[in-house]
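Chemist: Sharing a structure here in structure tokens format.
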Amino acid sequence: MEPYIHPEKEDNKFEARLLSKEDYKSFAPVYNDFQNRAIEEYSFELEPLGFEDFVESVEKNLIECLVLFEDSVPVAFLVYTTAISEAVELNIIHSYKMENAAERAMYLVKKFLELTKSERIDKIVCYPMLGAQKDLIGDIAKYGFKFVGIAVLRFMMSGTNSRAILEMAEFPELSNNYKLVEWDNKYFDDAVEVVQEGFETSADALFDPRFKTIEGTKDIISKIVENIYAEFLPEATTVLLYNNKPVGFCFMNLTGGRIANIPIVSIKKEHQGKGLSKYMLKKSVEKLIRMTDYGEKPITEVNTTTETNNFQALKMYRNIGFKEDYNYPQSYLPVRN
10 MEPYIHPEKE DNKFEARLLS KEDYKSFAPV YNDFQNRAIE EYSFELEPLG
60 FEDFVESVEK NLIECLVLFE DSVPVAFLVY TTAISEAVEL NIIHSYKMEN
110 AAERAMYLVK KFLELTKSER IDKIVCYPML GAQKDLIGDI AKYGFKFVGI
160 AVLRFMMSGT NSRAILEMAE FPELSNNYKL VEWDNKYFDD AVEVVQEGFE
210 TSADALFDPR FKTIEGTKDI ISKIVENIYA EFLPEATTVL LYNNKPVGFC
260 FMNLTGGRIA NIPIVSIKKE HQGKGLSKYM LKKSVEKLIR MTDYGEKPIT
310 EVNTTTETNN FQALKMYRNI GFKEDYNYPQ SYLPVRN
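Next comes the structure, spelled out in structure tokens:
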């Protein structure tokens, strides 16, 4: 059944439609306003695309841009894509000068759900509500969205005591049966198996259902190691071997040439509960530190995310020098029944 949609009064001043070439000139100020606020208001790690590059992405059908017009003037927009995964990914909702944000956003969401009705028969909608967007949580809940709290953690290369905490952390010797090595493509199939097993029933699978199948997980790992999501760092990706068989993985990539990110840490169930993940994390972070100090990469930080109620993971990250920066609601709309 369709999610409940709160009835709204008819308001002829609003019209929402996909961005077209005829709208570019009048829409540019709205997009530029978003671009100027992306880091401060929406917690973007890097500057978003410039307007010309954004328009090019729309024209190539990499993304869709739904624009809200008020009395025929662009005042807000919503960006989404169906091209990347098995989900409809809602990327951003922005209102010009942050004015009437909730009212405009809900009009856009209603239109967005109409446009994606056929896709949502077998695809979820995922929407990371970064920054000011978290204020919309009560409104989009009326449309059937559900939520998972996500914490963002950072290990800073300078300006904090992250390195000192890592240096002071105690790590007993690994059992002789275990060994840490760098990534090699020969471990790909093992990585798919380990990650799928570890994430199949996780909260991540709620908003990225690819984790529920081997084929879907293979797509995720392929996009990591083939530099689709960001620059893959095989030398800083750590593999945990048990009797020379891979049983754990800590992947590492690089965004914008300077921000390292840990997209996935996973370990086989029979090896969990032994504190082994922190050994992989330690080795990966130490490799990044050496790459930074030797001038190989101008890395400023390492970041990652975990659920806000995953206290064991939060404690592990804190113990090796990560600090929680902020959190946000990861929202998702289940498939239509």
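Numbering (this note's numbering), first residue to last: 10 to 346.
C-beta atoms are modelled at their ideal positions from N, C-alpha and C, and glycine is treated no differently.
Predicted, not measured: the structure shown is a model, and the values here were computed from it.
(1) What is the DSSP secondary structure of I14, reduced to helix, strand or coil?
(2) List, from N- to C-terminal side, the alpha helix (DSSP H) runs of 4 residues or more that fit wholly inside the segment 208-291.
(3) Among residues of its own chain, excluding the 5 on either side of K22, which ones have a beta-carbon nearer than 6 angstroms to its beta-carbon?
(4) Quick check: F348 and L28, are their CB atoms within less than 9 angstroms of each other?
(5) Under the three-state reduction of DSSP, which class applies to S340: helix, strand or coil?
(6) For M166, which of K287, K195, Y89 and V294 has the nearest alpha-carbon?
(7) Can you tell me which residues form a DSSP beta bridge with M165?
(8) Please confirm whether I159 and P338 have their CB atoms less than 9 angstroms apart.
(9) When the Cα atoms are used, what is the spatial distance from A114 to P272?
(10) Which residues does DSSP list as the beta-bridge partners of F320?
(11) How many Å lie between K151 and E112 at the Cα?
(12) Can you list, in chain order, the stretches of the beta strand (DSSP E) that have 3 or more residues and sit fully within the segment 76-136?
(13) Within its chain, find whatever has a CB closer than 6 angstroms to the CB of K188; leave out the 5 residues flanking it on each side and keep chain order.
(14) Could you spell out where the beta strand (DSSP E) holding K188 opens and where it closes?
(15) Could you work out which residue in L77, V88 and P83 is closest to N70 when comparing CA atoms only?
(16) Would you kindly work out how many angstroms separate the C-alpha atoms of A178 and N45, rounded to a whole number?
(17) As a quick exercise: from P181, S211, V204 and S66, pick the residue whose alpha carbon is nearest that of I223.
(18) Can K277 and G207 be called in contact, C-beta distance under 9 angstroms?
(19) Round the Cβ separation of F220 and E209 to the nearest angstrom and send it over; I've been treating them as touching at under 8 angstroms.
(20) Going by alpha carbons, who is nearest to E182 out of L323, K291, L297 and S35?
(21) Tell me the residue span of the beta strand (DSSP E) that contains R26.
(22) How about K155 and L342: are their beta carbons less than 9 angstroms apart?
(23) Taking C-alpha atoms, which residue in E310, C259 and Y196 lies nearest to G265?
(24) Please classify P243 as buried or exposed, where buried requires at least 16 other C-beta atoms within 10 Å of its C-beta.
(25) In the DSSP assignment, what residue or residues form a beta bridge with T315?
(26) Let me know the secondary structure DSSP gives D32 once reduced to three states.
(27) Give me, in chain order, the residues of the same chain whose beta-carbon lies closer than 6 angstroms to that of Y196; leave out the 5 immediate sequence neighbours on both sides.
(28) Can you list, in chain order, the residues of its chain whose CB lies under 8 angstroms from that of V67, leaving out five sequence neighbours each side?
(29) Taking all protein chains shown into account, decide if D213 is buried (16 or more other Cβ within 10 angstroms of its Cβ) or exposed.
(30) The alpha helix (DSSP H) with F8 in it runs from where to where?
(31) Among A92, K126 and L77, which has the Cα closest to the Cα of I102?
(32) On the premise that M325 lies in contact with K287, defined as a C-beta separation below 8 angstroms, what is that separation, rounded to the nearest angstrom?
(33) With H, G and I counted as helix, E and B as strand and the rest as coil, what does DSSP make of K195?
Modeler: According to the structure shown:
(1) Taking the sequence shown and counting its residues from 1, the one referred to as residue 14 is at position 5. Any answer about I14 is weak, because its pLDDT of 43 lies below 50 and its placement is not dependable; what the coordinates show is given next. The answer is coil: DSSP assigns I14 none of H, G, I, E or B.
(2) 213-216 and 223-234
(3) What you label residue 22 is simply residue 13 of the sequence shown in a count that begins at 1. Once the five neighbours on either side are set aside, the close Cβ partners of K22 are E79 and D80.
(4) One cannot answer for residue 348 here, as it falls past the ends of the chain, which runs 10 to 346.
(5) Your numbering for residue 340 matches position 331 in the sequence shown. Strand.
(6) If you number the sequence shown from 1, residue 166 lands on position 157. Minimum Cα distance to M166 is reached at V294.
(7) Indexing the sequence shown from 1 puts residue 165 at position 156. For M165, which the question treats as bridged, DSSP gives the partners E310.
(8) Reading the sequence shown from its first residue, position 150 is the one you call residue 159. Reading the sequence shown from its first residue, position 329 is the one you call residue 338. Yes. Within cutoff.
(9) Here residue 114 refers to the residue found at position 105 of the sequence shown. Here residue 272 refers to the residue found at position 263 of the sequence shown. The straight-line gap from Cα to Cα measures roughly 29 angstroms.
(10) What you label residue 320 is simply residue 311 of the sequence shown in a count that begins at 1. For F320, which the question treats as bridged, DSSP gives no partner whatsoever.
(11) Counted from its first residue, the sequence shown places residue 151 at position 142. Counted from its first residue, the sequence shown places residue 112 at position 103. The alpha-carbon atoms of K151 and E112 are separated by roughly 13 angstroms.
(12) 82-90 and 96-104
(13) Working through the sequence shown from its first residue, we reach residue 188 at position 179. Excluding sequence neighbours, K188 sits near L250.
(14) Here residue 188 corresponds to residue number 179 of the sequence shown, with the count starting at 1. Looking at the DSSP string, the run of the beta strand (DSSP E) that includes K188 is Y187 to E191.
(15) Start at 1 with the first residue of the sequence shown, and residue 70 comes out as number 61. Of L77, V88 and P83, the residue nearest in Cα terms is V88.
(16) Locating residue 178 in the sequence shown gives position 169, where the first residue counts as 1. Locating residue 45 in the sequence shown gives position 36, where the first residue counts as 1. Near 40 angstroms, if we compare the C-alpha coordinates of N45 and A178.
(17) For this step, residue 223 is matched to residue 214 along the sequence shown. Cα-wise, what sits closest to I223 is V204.
(18) Within the sequence shown, numbered from 1, the residue matching residue 277 stands at position 268. Within the sequence shown, numbered from 1, the residue matching residue 207 stands at position 198. In this structure, G207 lies closer than 9 angstroms to K277 by Cβ.
(19) Numbered from 1 along the sequence shown, position 211 holds the residue referred to as residue 220. Numbered from 1 along the sequence shown, position 200 holds the residue referred to as residue 209. F220 to E209, Cβ: 6 angstroms. Contact.
(20) Looking up residue 182 in the sequence shown gives position 173. Nearest of L323, K291, L297 and S35 to E182, Cα basis: K291.
(21) Taking the sequence shown and counting its residues from 1, the one referred to as residue 26 is at position 17. That run of the beta strand (DSSP E) goes F23 to L27.
(22) Taking the first residue of the sequence shown as position 1, residue 155 is located at position 146. Taking the first residue of the sequence shown as position 1, residue 342 is located at position 333. For K155 and L342, yes; Cβs fall inside 9 angstroms.
(23) Here residue 265 is taken as the residue at index 256 of the sequence shown, counted from 1. The shortest C-alpha separation from G265 is found at E310.
(24) Residue 243 sits at position 234 when you count from the first residue of the sequence shown. Label assigned to P243: exposed.
(25) Your numbering for residue 315 matches position 306 in the sequence shown. Paired residues: A160.
(26) For this step, residue 32 is matched to residue 23 along the sequence shown. Three-state DSSP puts D32 in a helix.
(27) The residue labelled residue 196 in the question sits at position 187 within the sequence shown. Excluding positions up to five away in sequence, the list reads V248 and P255.
(28) The residue you call residue 67 lines up with position 58 of the sequence shown. Excluding positions up to five away in sequence, the list reads L28, E73 and C74.
(29) Walking along the sequence shown from the start, residue 213 turns up at place 204. It is buried - the Cβ of D213 has at least 16 other Cβ atoms within 10 Å.
(30) The question about residue 8 has no answer here: the residues shown for the chain are numbered 10 through 346.
(31) Within the sequence shown, residue 102 is the residue found at index 93, counting from 1. Residue L77 is the option with its Cα nearest to I102.
(32) As a working mapping, residue 287 is identified with position 278 in the sequence shown. As a working mapping, residue 325 is identified with position 316 in the sequence shown. About 5 angstroms; that satisfies the 8 angstroms criterion.
(33) Translated into the one-based positions of the sequence shown, residue 195 becomes position 186. Looking at K195 - three-state DSSP - the assignment turns out to be helix.
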